[in-house]
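Colleague:
Protein chains: 2
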Amino acid sequence: MKTAILTVGTEILFGQIVNTNTVYLTRELNNLGFDVLYHYTVGDNPDRVTEMMEMALKDVDVIITTGGLGPTQDDLTKEVACRVFKDELIMNETALEAMKAYFTRTGRVMPENNVKQALMPSRSVVFQNDAGTAPGFALEHDGKYILCMPGVPREMYRMWEISARPFLERMSDSVLSYRMLRCFGVGESHLETMLLPLIDGQTDPTIATYAKEGECTVRVASKRPTKAEADAAVDEMVAKVDEIIGEYCFSHDNEDLVQVVADKLLSKGLTIASAESCTGGLFAAALTDIPGISASFMAGLVTYSNEAKMRDLGVSADTLEKYGAVSEETAREMVEGLYERTGCDVCISVTGIAGPGGGTPEKPVGLVYIGFKYGDKCFVTKKLASGASRKWTRNHTLLSMLDIVRRNI
Amino acid sequence: MKTAILTVGTEILFGQIVNTNTVYLTRELNNLGFDVLYHYTVGDNPDRVTEMMEMALKDVDVIITTGGLGPTQDDLTKEVACRVFKDELIMNETALEAMKAYFTRTGRVMPENNVKQALMPSRSVVFQNDAGTAPGFALEHDGKYILCMPGVPREMYRMWEISARPFLERMSDSVLSYRMLRCFGVGESHLETMLLPLIDGQTDPTIATYAKEGECTVRVASKRPTKAEADAAVDEMVAKVDEIIGEYCFSHDNEDLVQVVADKLLSKGLTIASAESCTGGLFAAALTDIPGISASFMAGLVTYSNEAKMRDLGVSADTLEKYGAVSEETAREMVEGLYERTGCDVCISVTGIAGPGGGTPEKPVGLVYIGFKYGDKCFVTKKLASGASRKWTRNHTLLSMLDIVRRNI
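Just so you know, the protein sequences line up as chains A and B, in that order. Each residue of the first sequence is one higher than the one before, starting from 631 at the first, in this note's numbering. Each residue of the second sequence is one higher than the one before, starting from 631 at the first, in this note's numbering.
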């Protein structure tokens, strides 16, 4: 099944917004086993949008659009879709009611111009918008399809998952099955080298490696006539991959590391607390992003200043004076103090130099100490996240902390 | 001057790479006062690349391409550019020498197939590649131009700065100036309605509104013969826009809200501490993302459990029992306890129901109380963040907290 992704919106052509929708949809379509032939981005100009759609229809089976479904005058995707797919807009009462309910639920008055958003192509399958006002839709003409979704990423992601992806899955003739093996603590070229004997000469299942922000992912995919066959081929290959890289792999199902850690804590009934300096609350924020984690995560202390380290964790003034805030000794006293304070089963602490300032030859930017305590196990790990930005150092430190918890509980 | 950006490369259509070249070039072209009419991304397919170029030439004066200049067989941008711009490839001795010098400089032997990279359109202006092997070029036909650059971002950025941008600057007859006014606490339709008297009938400066994850941005832009004229026109319009929406606007220069808050805290020499429940450390993590904030941010307490709220902030068991953890009373005791504990100039607390579980008819998901204390000012604000997801509720709460700090210090 061949597809094209069309982004409608002047703001992207001004260069102020990154087209994350297209990145997301491209990945999703590839994962479904659909080919993506083009990306187009065009402004709020009906003639150009028409031209793009007509050009795409020569090659592709499905056009996916985002943007241009808003309530303002320059939002025109629906009108153009009707022109190209030979339909007309009519008021969709269900969509109108849903929109009114949305405004009531969020305690606001619906502006009159929002009514325009409930006009839908007469033959379309309407996709409800659970996260905003503009509904989306799928429309068919001559065996070709257009799927239109809103441009606000949050609204689009949700509509994609709930409505658009299932709609496309029903259209496909072969079934693609894939698993994403997520790894931490190993570089992409090393991973690829290890897997080369499996990758060489493979046509199905395929094995591909990707690097992303300090993590690596191995994608094992197979396209077969039935789901059972595709699943079996993937599972068999995953077992082989696992024999080689199992140590680094934290998920076989594309879960985030934080989700894996949260699941493990919850299933084991363990409580956890954190004491953070250089990450400034990132660990606590990441873990509390997981619904239901309140059964495990009890407390986090962001002891950014030395005073806070002493007052809230009982780090001694001597230690700070003698070894410095960024030291193995401080990390150890932080995690011990955290345990004394909270009594949690698992305690983790971190102190480091996130940069860009504050580094010295002895303690360069990127130097991080992570303290960990669980039962009798209590240790401090030194990490050097080198040569990167503050954001990268903080994020990589967060992943290191999560990986330490994952490996040690 | 109208432009289109064409990205050639299959890897982007697999969804594993973000098209950062296009983001960069779009911003640069806009800053030069060029209009970007389209973005296209297409795979290594000569017919499709040809079709894209021919379509673009109907509307635009300049096509900018990245990618497809490599040494392998599927690198085809030069061949297609010659076909569309009626030229032929010949060996460019200068480019060949530069390439040989590059290999010598980096201590490697030039593979034979790299010679292909020194074939250039006979009429082209060649752009030297200082950071890699593939030269770029500009080619003219019938008063229209194509500029081709390599796809490796590092090589492209450098070629753009040294050769391509100066080439275009010599072609431009006007200068664009713009400012991005970022707003919080107001929806896009409401913003547009307020600004309608200014927007209606405007051709230059132009005013446009954009929505992005709970925020809105107003872009004011003007294109004039000189930079001074464009700047003056923008500033005059920004003053008018400000009179109408000034209350919501936190930056005139496209800064993030957290950056604005950090700057304000640092410039006033104020210390700050946070006590978070539902946001679980997001506020602390966001603020500590800003370099140098250690002069202001002292400590954060993530009091996720009731026990932590009592132990670390002195919230009374009575209050938790009588009013619940998510209540005005608890938020107030949290911020008061935080002040007692840390003595920071500015203290902020938050407690709420991030969902998806835990909501009741009286206390629905999205209900949040934010406590604030600065000097004699001490209050609790109730918010109902009615977003779809836990992530959105937490992020929107974070922005609300930052906005409260911004407005009250």
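The beta-carbon is built from N, C-alpha and C at its ideal position, and this holds for glycine as well.
I want to know whether the segment 888-908 of chain A touches the segment 895-904 of chain B - three or more CB-CB distances under 8 Å.
Modeller: In short, these stretches do not touch, since the Cβ pair count stays below three.
Colleague: Using a C-beta to C-beta distance shorter than 7 Å, which residues of chain A count as neighbours of residue 646 of chain B?
Modeller: To locate residue 646 of chain B, count along the second sequence from 1; it is residue 16. Residues of chain A passing the Cβ test: 840.
Colleague: Taking only three categories from DSSP, how would you classify residue 770 of chain A?
Modeller: As a first step, residue 770 of chain A is located in the first sequence; it is residue number 140 there, counting from the start. Three-state DSSP puts residue 770 of chain A in a strand.
Colleague: Flag this pair as yes or no: are the beta carbons of residue 983 of chain B and residue 1031 of chain B separated by less than 8 Å?
Modeller: Counting from one through the second sequence, the residue named residue 983 of chain B turns up at place 353. Counting from one through the second sequence, the residue named residue 1031 of chain B turns up at place 401. It is not a contact, given that the beta carbons lie outside the stated cut-off.
Colleague: Please identify, using Cβ separations under 9 Å, the residues of the segment 637-662 of chain A that lie next to chain B, in order along the chain.
Modeller: Per Cβ criterion, the list reads 637, 639, 640, 641, 642, 643, 644, 645, 646, 647, 648, 649, 650, 652, 653, 654, 655, 656, 657, 658, 659, 660 and 661.
Colleague: Is the segment 849-867 of chain A close to the segment 918-925 of chain A, with three or more CB pairs under 8 Å?
Modeller: Too few Cβ pairs lie closer than 8 Å, so no.
Colleague: Should residue 908 of chain A and residue 972 of chain A be called a contact, given that it needs their Cβ atoms to be closer than 8 Å?
Modeller: Your numbering for residue 908 of chain A matches position 278 in the first sequence. Your numbering for residue 972 of chain A matches position 342 in the first sequence. No, they are not a contact pair.
Colleague: Can you find a C-beta in chain A that's less than 8 Å from the C-beta of residue 919 of chain B?
Modeller: Reading the second sequence from its first residue, position 289 is the one you call residue 919 of chain B. Yes, its Cβ sits closer than 8 Å to a Cβ of chain A.
Colleague: Between the alpha carbons of residue 714 of chain A and residue 914 of chain A, how many angstroms are there, rounded?
Modeller: Against the first sequence, residue 714 of chain A aligns to sequence position 84. Against the first sequence, residue 914 of chain A aligns to sequence position 284. Answer to the nearest angstrom: the Cα atoms are 50 Å apart.
Colleague: Run through chain A and tell me which residues come within less than 9 Å of residue 823 of chain B, C-beta to C-beta.
Modeller: Within the second sequence, residue 823 of chain B is the residue found at index 193, counting from 1. In chain order: 741 and 743.
Colleague: Output the distance between the C-alpha atoms of residue 1004 of chain B and residue 952 of chain A, rounded to the nearest integer angstrom.
Modeller: For the purposes of this step, residue 1004 of chain B is taken as residue 374 along the second sequence, with counting starting at 1. For the purposes of this step, residue 952 of chain A is taken as residue 322 along the first sequence, with counting starting at 1. Taking the straight line joining both Cα atoms gives about 35 Å.
Colleague: If contact means a Cβ-Cβ distance below 9 Å, which residues of the segment 963-987 of chain B contact chain A?
Modeller: For the segment 963-987 of chain B, which is checked against every Cβ of chain A, the residues closer than 9 Å are 971, 972, 984, 985, 986 and 987.
Colleague: Please classify residue 731 of chain A as buried or exposed, where buried requires at least 16 neighbouring CB atoms within 10 angstroms.
Modeller: Looking up residue 731 of chain A in the first sequence gives position 101. So residue 731 of chain A ends up on the exposed side.
Colleague: Starting from residue 680 of chain A, find everything on chain B with Cβ-Cβ shorter than 7 Å and list it in chain order.
Modeller: As a first step, residue 680 of chain A is located in the first sequence; it is residue number 50 there, counting from the start. Per Cβ cutoff of 7 Å: no residues; residue 680 of chain A is ~12 Å from chain B at best.
Colleague: So the candidates are A/883, A/768, A/949 and A/773; which of them puts its Cα closest to the Cα of residue 808 of chain A?
Modeller: Counted from its first residue, the first sequence places residue 808 of chain A at position 178. For residue 808 of chain A, the nearest C-alpha among the options comes from A/883.
Colleague: Going along the segment 700-723 of chain A in order, which residues come within less than 8 Å of chain B, judged by CB to CB distance?
Modeller: Cβ contacts with chain B come from 700, 701 and 702.
Colleague: Can you list, in chain order, the residues of its chain with a C-beta nearer than 8 Å to that of residue 1036 of chain B? Leave out the 5 residues immediately preceding and following it.
Modeller: Translated into positions along the second sequence, residue 1036 of chain B becomes position 406. Excluding sequence neighbours, residue 1036 of chain B sits near 880, 887, 890, 891 and 894.
Colleague: Determine which residues of the segment 876-888 of chain A have a Cβ less than 9 Å from any Cβ of chain B, and write them out in chain order.
Modeller: The segment 876-888 of chain A vs chain B, Cβ under 9 Å: nothing.
Colleague: Taking a cut of 8 Å between CB atoms, which residues from the segment 924-953 of chain B lie near chain A?
Modeller: Flagged, chain order: 924, 927, 928, 929, 930, 931, 932, 933, 934, 935, 937, 938, 941 and 942.
Colleague: Using 7 Å as the cut-off, classify the Cβ of residue 636 of chain A as near or not near the heavy atoms of the ligand MG, replying yes or no.
Modeller: Absent from the structure shown: the ligand MG. Ligands present: none.
Colleague: Going straight from the alpha carbon of residue 705 of chain A to that of residue 773 of chain A, what length do you get?
Modeller: Indexing the first sequence from 1 puts residue 705 of chain A at position 75. Indexing the first sequence from 1 puts residue 773 of chain A at position 143. Going by the C-alpha atoms only, they are around 26 Å apart.
Colleague: Evaluate contact between the segment 783-790 of chain B and the segment 733-743 of chain B, counting only Cβ atoms and requiring at least three cross-stretch pairs below 8 Å.
Modeller: With the cut-off at 8 Å, the segment 783-790 of chain B and the segment 733-743 of chain B do not touch.
Colleague: Quick check on this structure: which residue in A/646, A/1009 and A/989 has the alpha carbon closest to the alpha carbon of residue 1015 of chain A?
Modeller: Taking the first sequence and counting its residues from 1, one reaches residue 1015 of chain A at position 385. If we check each option's Cα against that of residue 1015 of chain A, A/989 comes out closest.
Colleague: Mind reading off the beta-carbon distance from residue 669 of chain B to residue 669 of chain A? Whole number of angstroms is fine, and I expect it under 8 Å.
Modeller: Position 39 of the second sequence, counted from the start, is the residue given in the question as residue 669 of chain B. Position 39 of the first sequence, counted from the start, is the residue given in the question as residue 669 of chain A. Their Cβ separation, rounded to whole angstroms, is 7 Å, which keeps residue 669 of chain B and residue 669 of chain A in contact under 8 Å.
Colleague: Excluding the five sequence neighbours on either side, which residues of its own chain have a C-beta within less than 6 Å of the C-beta of residue 573 of chain B, listed in chain order?
Modeller: Missing from the structure shown is residue 573 of chain B; chain B here goes from 631 to 1039 and no further.
Colleague: State yes or no: is the C-beta of residue 686 of chain A within less than 8 Å of the C-beta of residue 778 of chain A?
Modeller: Counted from its first residue, the first sequence places residue 686 of chain A at position 56. Counted from its first residue, the first sequence places residue 778 of chain A at position 148. Cβ distance not < 8 Å, so residue 686 of chain A and residue 778 of chain A don't count as in contact.
Colleague: Would you call the CB atoms of residue 801 of chain B and residue 631 of chain B closer than 8 Å?
Modeller: Along the second sequence, read from residue 1 onward, the residue named residue 801 of chain B stands at position 171. Along the second sequence, read from residue 1 onward, the residue named residue 631 of chain B stands at position 1. A contact, by the Cβ cut-off of 8 Å.
Colleague: What's the C-alpha gap between residue 804 of chain B and residue 640 of chain A?
Modeller: Looking up residue 804 of chain B in the second sequence gives position 174. Looking up residue 640 of chain A in the first sequence gives position 10. Between residue 804 of chain B and residue 640 of chain A, the C-alpha separation is close to 20 Å.
Colleague: Look at the alpha carbon of residue 837 of chain B and the alpha carbon of residue 648 of chain B, and state the distance between them as a whole number of angstroms.
Modeller: Within the second sequence, residue 837 of chain B is the residue found at index 207, counting from 1. Within the second sequence, residue 648 of chain B is the residue found at index 18, counting from 1. If you take the alpha carbons of residue 837 of chain B and residue 648 of chain B, they lie about 29 Å apart.
Colleague: Out of A/977, A/1028 and A/994, point me to the one whose CA is closest to residue 1006 of chain A's CA.
Modeller: Reading the first sequence from its first residue, position 376 is the one you call residue 1006 of chain A. The residue with the shortest Cα to Cα distance from residue 1006 of chain A is A/977.
Colleague: Which one of B/844, B/700, B/876 and B/911 has the shortest CA to CA distance from residue 729 of chain B?
Modeller: The sequence position of residue 729 of chain B within the second sequence is 99, counting from 1. Nearest C-alpha to residue 729 of chain B: B/700.
Colleague: Just curious, the beta strand (DSSP E) that residue 845 of chain B is in, first and last residue?
Modeller: What you label residue 845 of chain B is simply residue 215 of the second sequence in a count that begins at 1. 845-854 is the span of the beta strand (DSSP E), which, as asked, contains residue 845 of chain B.
Colleague: Return the chain-ordered list of same chain residues with a C-beta closer than 7 Å to the C-beta of residue 1028 of chain B, the five sequence neighbours on each side being excluded.
Modeller: Locating residue 1028 of chain B in the second sequence gives position 398, counting from the first residue. Counting only Cβ-Cβ distances below 7 Å, and skipping sequence neighbours, we find 909, 912, 913 and 916.
Colleague: Tell me, please, whether the CB atom of residue 775 of chain B is closer than 8 Å to any CB atom in chain A?
Modeller: Start at 1 with the first residue of the second sequence, and residue 775 of chain B comes out as number 145. It does not: the Cβ of residue 775 of chain B has no partner Cβ on chain A nearer than 8 Å.
Colleague: Count the other C-beta atoms from every protein chain shown that fall within 10 angstroms of the C-beta of residue 827 of chain B, then say buried if there are 16 or more, exposed otherwise.
Modeller: Within the second sequence, the letter at position 197 stands for residue 827 of chain B. By the neighbour-count rule (16 or more Cβ atoms within 10 Å), residue 827 of chain B is not buried but exposed.
Colleague: The alpha helix (DSSP H) that contains residue 1056 of chain B, what's its start and end?
Modeller: An answer regarding residue 1056 of chain B cannot be provided, because it is not within the stretch 631 to 1039 covered by chain B.
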